[in-house]
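The structure appears right after this line, and notes come after that.
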Amino acid sequence: MTTKTEARIIPLIPTEPYQAPMTVAAAEAVLTPEEQEQQRLADENWRRSIPAQVFLNYFFAINYHLQDGEGPLGGLGHLPYFRQHQAELTDTDVTALTKLLHTCWSTEYALRATAELGDDNFLRNALHWTFPQAYHTILSGLQAFLYTTGVRSNNGQVIRREVGRLVVKNAYPRPVSFYAAGAYGDFSIHRLPLAGYKAGLHIASQEIDAQAQIGQFLRTTRKQKAISTRQQVQANPNTAIRSQKTGRPLDKWTAAHWQQITWRLGYTTIFDLLGRLRISQSSREIERYVEADIDFRLFHSSLLNIVSYLNGVHETYVAKALGLERYEQLVRELPTHLQGGFVQERLRTRVQPTLLGAEPEREFKMAA
Numbered sequence: 013m014t015t016k017t018e019a020r021i022i023p024l025i026p027t028e029p030y031q032a033p034m035t036v037a038a039a040e041a042v043l044t045p046e047e048q049e050q051q052r053l054a055d056e057n058w059r060r061s062i063p064a065q066v067f068l069n070y071f072f073a074i075n076y077h078l079q080d081g082e083g084p085l086g087g088l089g090h091l092p093y094f095r096q097h098q099a100e101l102t103d104t105d106v107t108a109l110t111k112l113l114h115t116c117w118s119t120e121y122a123l124r125a126t127a128e129l130g131d132d133n134f135l136r137n138a139l140h141w142t143f144p145q146a147y148h149t150i151l152s153g154l155q156a157f158l159y160t161t162g163v164r165s166n167n168g169q170v171i172r173r174e175v176g177r178l179v180v181k182n183a184y185p186r187p188v189s190f191y192a193a194g195a196y197g198d199f200s201i202h203r204l205p206l207a208g209y210k211a212g213l214h215i216a217s218q219e220i221d222a223q224a225q226i227g228q229f230l231r232t233t234r235k236q237k238a239i240s241t242r243q244q245v246q247a248n249p250n251t252a253i254r255s256q257k258t259g260r261p262l263d264k265w266t267a268a269h270w271q272q273i274t275w276r277l278g279y280t281t282i283f284d285l286l287g288r289l290r291i292s293q294s295s296r297e298i299e300r301y302v303e304a305d306i307d308f309r310l311f312h313s314s315l316l317n318i319v320s321y322l323n324g325v326h327e328t329y330v331a332k333a334l335g336l337e338r339y340e341q342l343v344r345e346l347p348t349h350l351q352g353g354f355v356q357e358r359l360r361t362r363v364q365p366t367l368l369g370a371e372p373e374r375e376f377k378m379a380a
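Quick note on numbering: the sequence shown equals residues 13 to 380 in our numbering.
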């Protein structure tokens, strides 16, 4: 860890009207109508901020967990899957990979520029585009990695299934190899030994907090996926589970019914958690975050660290498939706006050390 953030506890909602201490004069103990209105607005603002605070907690927890891992890439070079990774790539394939990487890097460039240009209020309103930017830069890098494994699809379900399989097969470093499995009502969390602890409404200040919040994020995300899948299954006459008595699609399900659709859920991984960033600009959902009273700069820096980490993993896989020399040439020929920046920095501190057999630099900083 290079940074420890002080825990900030959100106070409980008061269940009874405020009672002034006995030592306070009676005139001072009574709030004026204006003060009562200010208190009401403060309480309402706090309640509105809870969903956004929880969302911030989740992504800060992921970032905390990454920094607490084994080195910048969590031991990527020691993974059997990584050591065996190779691909036969034609010039056409290299062109396709270059296009995916340029999309990935240009989107990350835009995400980084937001932090450099804006104050806290700007970052607040920038959520309209920073959320989808964070998601799409990682998606493009992931597609480049999957391309080298032979998976060359833009279909979201195919990508989700394949990356879930790779996470379970230990293709990813330990800090991002966690996942959830199981049927609705019987979820299990893997590779997060502290995930069973209760998550609090505060920023993680130790690893137990981070894992508890990531575990909760995995469970709520998988629950959403299960409910959505059930709706899709029941809306299709060919797949709907029906009552044996009436022949109509069932409204109420038992545990056995949930088990029948578990295979459709696949595994819930960090990429499903990042998928929660895909919030429509026209949706009221994004306004809940924009209007909240949270630390937007901390939110943005957490997202940026997660982006840098995962993009670095995918870049290292692509470089191994291409060959380091070919990858270095690709980086030298970057568009002007990408030259001399974070792409070259990750090549120097992550990609080259991993492929040359040296230990990556231990220090993990923002925007590396």
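Glycine residues also receive a C-beta, built at the ideal position from the N, C-alpha and C atoms. In this text, all values refer to a predicted model and were calculated from it rather than measured experimentally.
Asked	Found
Candidates Ala247, Pro187, Tyr147, Ala108, of which the one nearest Val163 by Cα	Ala108
Same chain, Cβ closer than 8 Å to Leu197, neighbours up to 5 away in sequence not counted	The amino acid at residue 197 is misidentified as Leu; the sequence shows Gly. Ala267, Trp270.
Delimiting residues of the alpha helix (DSSP H) encompassing Tyr196	Here Tyr196 belongs to no alpha helix (DSSP H), and DSSP marks it neither H nor E.
Check whether Gln145 and Leu123 have beta carbons under 8 Å apart	yes
Among Thr251, Glu303, Leu101, nearest to Asn133 - alpha-carbon criterion	Glu303
Between the CA atoms of Ser189 and Ile220 - distance to the nearest angstrom	17 Å
Inter-residue spacing [alpha-carbon to alpha-carbon] between Gln96 and Ile253	43 Å
First through last residue of the alpha helix (DSSP H) which encompasses Phe157	139 to 160
Inter-residue spacing [alpha-carbon to alpha-carbon] between Ile62 and Gln225	14 Å
Own chain, CB closer than 8 Å to Leu336, minus 5 neighbours either side, in chain order	Val363, Gln364, Leu367, Leu368
Neighbour-count burial assignment, Arg344, 16 or more Cβ in a 10 Å radius	exposed
C-beta contact flag for Asn126 and Thr142 at 8 Å	Residue identity differs from the one stated: residue 126 is Thr in this sequence, not Asn. Cβ atoms of Thr126 and Thr142: closer than 8 Å.
Residue from Asn323, Ala333, Arg360 with nearest C-alpha to His114	Asn323
Closer than 7 Å: Val106 CB and nearest the ligand PLP heavy atom	Ligands in the displayed structure: none, and consequently the ligand PLP is not present.
Thr385 (DSSP reduced to helix, strand or coil)	Past the edges of the chain, shown from 13 to 380, lies residue 385, and the structure says nothing about it.
Pair within 8 Å by beta-carbon distance, Phe72 and Tyr301	no
First and last residue of the uninterrupted alpha helix (DSSP H) at Gln96	92 to 96
Secondary structure of Arg203, DSSP reduced to three states	coil
Buried versus exposed call for Asp103 [16 or more other C-beta atoms within 10 Å across all chains shown]	exposed
Bridge-paired residues (DSSP) for Pro365	According to DSSP, Pro365 bridges with nothing at all.
For Pro45, three-class secondary structure by DSSP	helix
Neighbour-count burial assignment, Glu46, 16 or more Cβ in a 10 Å radius	exposed
is_contact[Lys257, chain C] using C-beta, thresh 8 Å	Here there is only one protein chain, and chain C is not present.
Cβ separation of Lys237 and Thr274, assumed to be a contact under 8 Å, to the nearest whole Å	Going by Cβ atoms, the distance from Lys237 to Thr274 rounds to 11 Å, so no, they are not a contact pair.
CA-to-CA distance, Leu213 to Val325, given in whole angstroms	31 Å
Residue range of the unbroken alpha helix (DSSP H) whose run includes Leu123	103 to 129
Complete runs of the alpha helix (DSSP H) confined to the segment 240 to 287 [at least 4 residues]	267 to 272, 274 to 277, 282 to 287
Whole-angstrom C-beta distance between Thr110 and Leu342, which should lie under 8 Å	6 Å
Nearest-angstrom Cα separation, counted from Ser152 out to Gln244	27 Å
Assigned exposure category for Thr361 - 16 Cβ within 10 Å defines buried	buried
Where the alpha helix (DSSP H) through Cys349 begins and ends	Note that residue 349 is His in the sequence shown, not Cys. No alpha helix (DSSP H) contains His349, which DSSP labels as neither H nor E.
Closest Cα partner of Thr160 within the set Leu334, His349, Thr348, Thr44	Leu334
Sub-8 Å separation of Leu88 and Pro185 beta-carbons	yes
Chain-order list of residues whose beta-carbon lies under 8 Å from that of Arg203 (same chain, five-residue window excluded)	Arg186, Ser189, Phe190, Tyr191
Burial state of Gln98, where buried means 16 or more other Cβ atoms lie within 10 Å	exposed
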